[in-house]
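Below is one structure, written out as structure tokens, with a few remarks after it.
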Amino acid sequence: MALRTLSALPGFSDSLFADRFNRIDSLFSQLTGNTPVAATPAYDLKKVDANNYLLHVSVPGWKEEELEIETVGGNLHISGKRSEEASEEEQGWIYKGIRRADFRLSFSLPDHAKVSNAKLESGILEVSIYQEIPESEKPRKIAIENSQKVIEHQA
1 MALRTLSALP
11 GFSDSLFADR
21 FNRIDSLFSQ
31 LTGNTPVAAT
41 PAYDLKKVDA
51 NNYLLHVSVP
61 GWKEEELEIE
71 TVGGNLHISG
81 KRSEEASEEE
91 QGWIYKGIRR
101 ADFRLSFSLP
111 DHAKVSNAKL
121 ESGILEVSIY
131 QEIPESEKPR
141 KIAIENSQKV
151 IEHQA
């Protein structure tokens, strides 16, 4: 296990590679119109059972009132917008490695899926998604009838 010391100024070698990655990411984002990878929070999606899913979004330092969850036309949108108070708290920091830029994540929900619950705990936003497929749309097996007639041979 390597021990990394915290200093008032980040090391040159650490910032060199991080800076190059961020520049390349920003360049591709400008060309494609997509949000840079570094600007969107990490997330995990877990299938709990046949009908339930959990989406975990990493949002360290965000408050409930700064986050918004909405569903529109079969899409789930999670966004974070910094409050004015948070901007004032930025003063005095020597180094900030936890990204706090505004963001927006969008997910396409499957048919008949609904967001049932959301909670924020220890920097993780947990969104519960429930998918209930109506009986009429569930797959069902159709029995194949045997229509062959047996003909007995008479001697």
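Residue numbering for the sequence shown is 1 to 155, as defined by full-length UniProt numbering. Even for Gly, the Cβ is constructed at its ideal location relative to N, Cα and C.
Coil, strand or helix - residue i by DSSP
{"i": "Glu132", "result": "coil"}
{"i": "Glu65", "result": "helix"}
{"i": "Leu109", "result": "coil"}
{"i": "residue 156", "result": "This structure leaves residue 156 out entirely; the chain is present only between 1 and 155."}
Inter-residue spacing [alpha-carbon to alpha-carbon] between residue i and residue j
{"i": "Glu65", "j": "Ser58", "result": "16 Å"}
{"i": "Ser13", "j": "Tyr95", "result": "Reliability fails at Ser13, whose pLDDT of 38 lies under 50, so the model's placement of it is uncertain and no value is given."}
{"i": "Ser79", "j": "Asn52", "result": "22 Å"}
{"i": "His77", "j": "Lys141", "result": "36 Å"}
{"i": "Gln148", "j": "Asp111", "result": "41 Å"}
{"i": "Leu120", "j": "Glu126", "result": "6 Å"}
{"i": "Asp49", "j": "Leu67", "result": "27 Å"}
{"i": "Ile124", "j": "Ala113", "result": "22 Å"}
{"i": "Arg82", "j": "Gln131", "result": "32 Å"}
{"i": "Pro60", "j": "Arg100", "result": "8 Å"}
{"i": "Trp93", "j": "Leu45", "result": "33 Å"}
{"i": "Lys47", "j": "Gly97", "result": "31 Å"}
{"i": "Pro41", "j": "Ser106", "result": "12 Å"}
{"i": "Tyr43", "j": "Leu31", "result": "24 Å"}
{"i": "Asp102", "j": "Ala118", "result": "19 Å"}
{"i": "Leu54", "j": "Ala143", "result": "36 Å"}
Beta-carbon spacing of residue i, residue j below 9 Å
{"i": "Ile129", "j": "Ser108", "result": "no"}
For this session: Flag this pair as touching only if the stretch 134-141 and the stretch 59-73 have three or more C-beta atom pairs under 8 Å; answer yes or no.
Result: no
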